[in-house]
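I have placed the structure first, in the form of structure tokens, so that the comments after it can refer back to it.
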Amino acid sequence: MFEFIRTHQKLMQILLAIVIIPSFVFVGVSGYESMGDSATTLAKVDGKPVTQQEFDNALRRQLDQYRQRFGEQFDQKMFDTPEFRQSVLDSLIAQRAVTSEVVRGHFTVSDAALQKAILDNIKDIPGMITPEGKVDIERYRATLANNSGLTPEGFEQTMRHDMAVQQLVSGVQGTAFAPRTVSKLVTDLTEQERDVQELALPLQQFIANVKVTDDMVKAYYDKNAKQYAVPEQARIEYVVLDAKAIESQVSVTDDEVAAYYKGNAARFTAPEERRASHILVAVNKDAKAADKAAAKAKAEAILADLKKAPASFAQVAKAKSEDPGSAEQGGDLGTIEKGSLVPSVEQAIFALKQGEISNVVESEFGYHLITVTSLKPAAVKALDDVKADIAADLKKQKAGKKYSEVVETFTNTVYEQADSLKPVADKLGLKIETADNVTRTPAPNAAPAPYSNAKFLTALFSAESVKNKRNTEAVEVAPSTLVSGRIVEFKPASQKPLADVAAEIRQRVTAEEAMKAAKAAGEAKLAALKKADDATGFSPVRTISRAKAEGMPPPVARAVLKADVSKLPAYVGVELPGMGYGVYRIGKVHQPAAADEARLASAREQIGNIVAQQDMLNYVELLKDKAKVKILHPATPAKAAQE
Numbered sequence: 000m001f002e003f004i005r006t007h008q009k010l011m012q013i014l015l016a017i018v019i020i021p022s023f024v025f026v027g028v029s030g031y032e033s034m035g036d037s038a039t040t041l042a043k044v045d046g047k048p049v050t051q052q053e054f055d056n057a058l059r060r061q062l063d064q065y066r067q068r069f070g071e072q073f074d075q076k077m078f079d080t081p082e083f084r085q086s087v088l089d090s091l092i093a094q095r096a097v098t099s100e101v102v103r104g105h106f107t108v109s110d111a112a113l114q115k116a117i118l119d120n121i122k123d124i125p126g127m128i129t130p131e132g133k134v135d136i137e138r139y140r141a142t143l144a145n146n147s148g149l150t151p152e153g154f155e156q157t158m159r160h161d162m163a164v165q166q167l168v169s170g171v172q173g174t175a176f177a178p179r180t181v182s183k184l185v186t187d188l189t190e191q192e193r194d195v196q197e198l199a200l201p202l203q204q205f206i207a208n209v210k211v212t213d214d215m216v217k218a219y220y221d222k223n224a225k226q227y228a229v230p231e232q233a234r235i236e237y238v239v240l241d242a243k244a245i246e247s248q249v250s251v252t253d254d255e256v257a258a259y260y261k262g263n264a265a266r267f268t269a270p271e272e273r274r275a276s277h278i279l280v281a282v283n284k285d286a287k288a289a290d291k292a293a294a295k296a297k298a299e300a301i302l303a304d305l306k307k308a309p310a311s312f313a314q315v316a317k318a319k320s321e322d323p324g325s326a327e328q329g330g331d332l333g334t335i336e337k338g339s340l341v342p343s344v345e346q347a348i349f350a351l352k353q354g355e356i357s358n359v360v361e362s363e364f365g366y367h368l369i370t371v372t373s374l375k376p377a378a379v380k381a382l383d384d385v386k387a388d389i390a391a392d393l394k395k396q397k398a399g400k401k402y403s404e405v406v407e408t409f410t411n412t413v414y415e416q417a418d419s420l421k422p423v424a425d426k427l428g429l430k431i432e433t434a435d436n437v438t439r440t441p442a443p444n445a446a447p448a449p450y451s452n453a454k455f456l457t458a459l460f461s462a463e464s465v466k467n468k469r470n471t472e473a474v475e476v477a478p479s480t481l482v483s484g485r486i487v488e489f490k491p492a493s494q495k496p497l498a499d500v501a502a503e504i505r506q507r508v509t510a511e512e513a514m515k516a517a518k519a520a521g522e523a524k525l526a527a528l529k530k531a532d533d534a535t536g537f538s539p540v541r542t543i544s545r546a547k548a549e550g551m552p553p554p555v556a557r558a559v560l561k562a563d564v565s566k567l568p569a570y571v572g573v574e575l576p577g578m579g580y581g582v583y584r585i586g587k588v589h590q591p592a593a594a595d596e597a598r599l600a601s602a603r604e605q606i607g608n609i610v611a612q613q614d615m616l617n618y619v620e621l622l623k624d625k626a627k628v629k630i631l632h633p634a635t636p637a638k639a640a641q642e
């Protein structure tokens with residue numbers, strides 16, 4: 000237990016030493032630029048902007064999540080709709096409104112709670128906790144960087160923000176409940192079964208009778224011109240100035256490594272480690288003198304026995320120590336760090352040799368008998384063991400310093416010699432990169448690259464750059480990363496010729512017309528069946544319920560289970576896009592047996608969760624009103640916003 004507590008304390012000390020931040024910092028709340036209602040501001044929440052770039056980033060992240068979820072079945076066209084883009088913007092606005100309320104309500108997360116949450120997140124990662132029970136800080140940093148791209152600072156900010164938001168969410172959702180009568184009704188509806196038969200009118204049987212004329216193809220082309228638009232594109236050149244590009248131009252000598260090693264000896268020294276155990280005879284510091292004397296005498300008697308059999312210390316501690324936290328562990332206090340125990344006990348521990356037992360030591364908790372169970376002397380890592388790490392650190396430092404020195408040269412050169420990137424590349428030893436089919440708006444699923452940065456693209460597609468093919472200004476696309484580019488070849492926006500897409504359009508129009516015919520035939524059949532029941536041509540009976548409708552298209556299952564069955568047989572018709580039309584005959588309804596308490600309890604829990612989610616949605620709407628949300632521009636691709 001002592002070791003566990005100390006591990007928590009050590010991690011927090013390290014994190015706090017690395018991260019000097021206010022006790023309440025939220026990602027995305029601080030750091031707003033003062034700006035007007037420009038074309039790049041889509042909305043305002045509490046007077047703060049939601050920008051086009053933030054929207055584009057959120058859209059890209061959302062699509063990435065769907066791409067990972069659906070794999071090869073992912074089709075981006077399904078999400079290329081105004082409704083989907085608006086849902087992403089709505090989510091951004093909702094997040095901002097909730098965060099504003101968290102700040103306004105002074106929801107706080109203590110360092111101890113944050114520390115525990117961080118440990119809970121990392122403790123199961125292999126190798127993160129050393130055999131001594133400590134956090135491997137270097138592995139912690141590397142794991143964060145590889146898996147999320149976050150620094151410890153960023154991870155702590157994100158955790159603190161999420162935990163504060165969770166306080167607010169829990170307060171709202173925790174009040175939701177489902178009445179028993181509602182649970183029973185929902186259970187009965189879920190378990191009710193219906194016998195259904197299908198009469199399918201597949202699209203294929205109507206296609207042969209469809210006649211598509213050239214005029215119909217032309218009309219579809221004119222009506223859906225946006226589908227066949229080709230955006231403006233460019234072939235570009237660009238150069239990147241960052242620490243990585245500079246790093247290859249700097250070197251570190253053995254003398255510099257040795258000098259750093261000598262000047263930072265403490266960094267390469269592992270401190271002495273002592274593990275100790277104790278036996279406590281407890282007595283209150285305000286106890287009477289007689290009680291203290293009796294406790295001390297008891298401790299001295301135990302000490303006398305220990306001197307006769309020092310190896311029995313752990314066994315005696317289990318039997319006689321009055322410290323509930325360590326007695327079961329044979330008095331083990333774990334590895335001791337200076338400042339972690341009361342002064343008198345700590346002083347005694349650091350005065351003992353390994354295996355030596357102290358005299359009686361008094362503290363505010365009573366009288367202690369102490370032994371050092373292991374002692375690992377301080378050790379200095381050899382230069383050869385840390386040489387590579389020192390060289391890498393020094394190289395980064397030199398690259399960072401040189402970067403600062405050449406920023407002005409880069410900026411001035413791309414501006415003063417704007418007809419080519421070769422002068423700046425030659426002067427600073429940079430590589431000229433190329434990219435084809437670059438558009439004003441990066442694709443949401445575009446790989447990270449300088450030409451995916453909205454600010455750089457704005458400069459690249461400026462009138463001056465497009466018309467005269469001159470270098471852009473030096474654009475900061477990331478911290479300590481500058482980019483300049485130029486258009487080599489420009490293709491204006493155009494539209495695919497009708498001749499190139501006529502065959503595709505003919506297929507689409509044919510399918511649409513066949514669907515109209517199938518629907519008309521299905522509706523006519525449905526009307527006739529409602530007048531006179533006739534099961535001829537229907538499929539065999541299939542029994543479905545809301546809990547068991549596998550293999551049946553969701554629109555069909557919903558229509559069948561929602562149908563009015565007060566009079567049987569009942570009929571419903573369902574349009575199935577791309578497939579045809581279906582007529583469904585419901586011949587019998589099976590009512591469920593009385594639900595047992597376990598099923599009712601499960602239903603209550605599920606309904607309670609739904610109610611909680613709805614309560615939260617309603618609360619978010621109130622917060623949006625409170626934050627005076629203003630929608631300034633619709634959620635459209637960045638190109639439209641820039642224009």
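With numbering that gives the first Met the number 0, the residue at position 87 of the sequence shown is 86, and numbering never jumps.
Even glycine gets a Cβ: it sits at the ideal position worked out from N, Cα and C.
- For ARG584, the uninterrupted beta strand (DSSP E) segment begins and ends at 579-589.
- Counting the other Cβ atoms within 10 Å of the Cβ of LYS47 gives 16 or more, which makes it buried.
- Nearest to VAL573 by C-alpha distance, out of TYR450, LEU198 and GLY428, is LEU198.
- Under DSSP, the beta-bridge partners assigned to TYR237 are GLU432 and GLY484.
- With respect to the C-alpha of LYS394, the residue from ALA378, ALA244 and ILE301 having the closest C-alpha is ALA244.
- For the options THR410, ASN120 and ALA492, the alpha carbon positioned closest to that of VAL474 is the one of THR410.
- Cβ contact annotation for THR40 (same chain, cutoff 8 Å, sequence separation greater than five): MET34, PRO48, VAL49, THR50, GLN51, LEU631 and HIS632, in chain order.
- Between GLY333 and LYS317, the C-beta spacing is not below 8 Å.
- Counting along the chain, no beta strand (DSSP E) covers GLU71, and no H or E run does either.
- Secondary structure of PHE460 (DSSP, three-state): coil.
- In this structure, the alpha-carbon of VAL385 lies about 11 Å from that of ALA264.
- CA-CA distance, ILE585 to MET127, rounds to 60 Å.
- Each of SER483, THR252, ALA310 and LEU374 was checked against the Cα of GLU271, and the nearest Cα belongs to LEU374.
- Note on PRO449: 16 or more other CB atoms within 10 angstroms of its CB, so buried under the neighbour-count rule.
- Residue burial annotation: ARG84 is buried, with at least 16 other C-beta atoms found within 10 angstroms of its C-beta.
- For the 8 Å CB-CB criterion, THR440 and LYS426 do not form a contact.
- For THR410, the enclosing alpha helix (DSSP H) has its first and last residue at 382-415.
- SER90 and GLU100 have their alpha carbons spaced roughly 15 Å apart.
- DSSP, reduced to helix, strand and coil, places SER493 within a strand of the structure shown.
- Rounded to whole angstroms, the Cβ separation of GLN494 and ALA224 is 6 Å, and the two are in contact under 8 Å.
- Secondary structure of THR438 (DSSP, three-state): coil.
- Bounds of the alpha helix (DSSP H) holding GLU299 are 288-307.
- Annotation: LYS530 to ASP499 spans about 49 Å, alpha carbon to alpha carbon.
- Beyond the five residues adjoining it in sequence on each side, ALA492 comes within less than 6 Å, by CB distance, of PRO230 and GLU231 in the same chain, given in chain order.
- If you ignore the 5 residues before and after VAL619, its C-beta comes within less than 8 Å of the C-beta of ALA93, ALA96 and VAL97, all in its own chain and listed in chain order.
- Residue burial annotation: MET77 is exposed, with fewer than 16 other C-beta atoms found within 10 angstroms of its C-beta.
- Within the segment 203-261, the complete beta strand (DSSP E) segments at least 3 residues long are 232-241, listed from N- to C-terminus.
- Judged by their CB atoms, PHE537 and GLN196 are nearer to each other than the 8 Å cut-off.
- Contact between the segment 451-469 and the segment 209-222 is absent: fewer than 3 CB-CB pairs across the two stretches fall below 8 Å.
- In the three-state reduction of the DSSP assignment, ASP533 falls in the coil class, being assigned neither a helical nor a strand state.
- ALA390 and VAL256 have their C-alpha atoms some 6 Å from each other.
- When the beta-carbon positions are compared, LEU118 and MET158 stay at least 8 Å from each other.
- Beta-bridge annotation (DSSP): LEU200 is paired with TYR580.
- VAL564 and PRO553 have their alpha carbons spaced roughly 19 Å apart.
- In the DSSP assignment, THR268 is bridged to VAL379.
- Apart from the 5 residues on each side of it in sequence, ALA313 sits with its Cβ closer than 7 Å to the Cβ of SER276, GLY329 and GLY330 in its chain, given in chain order.
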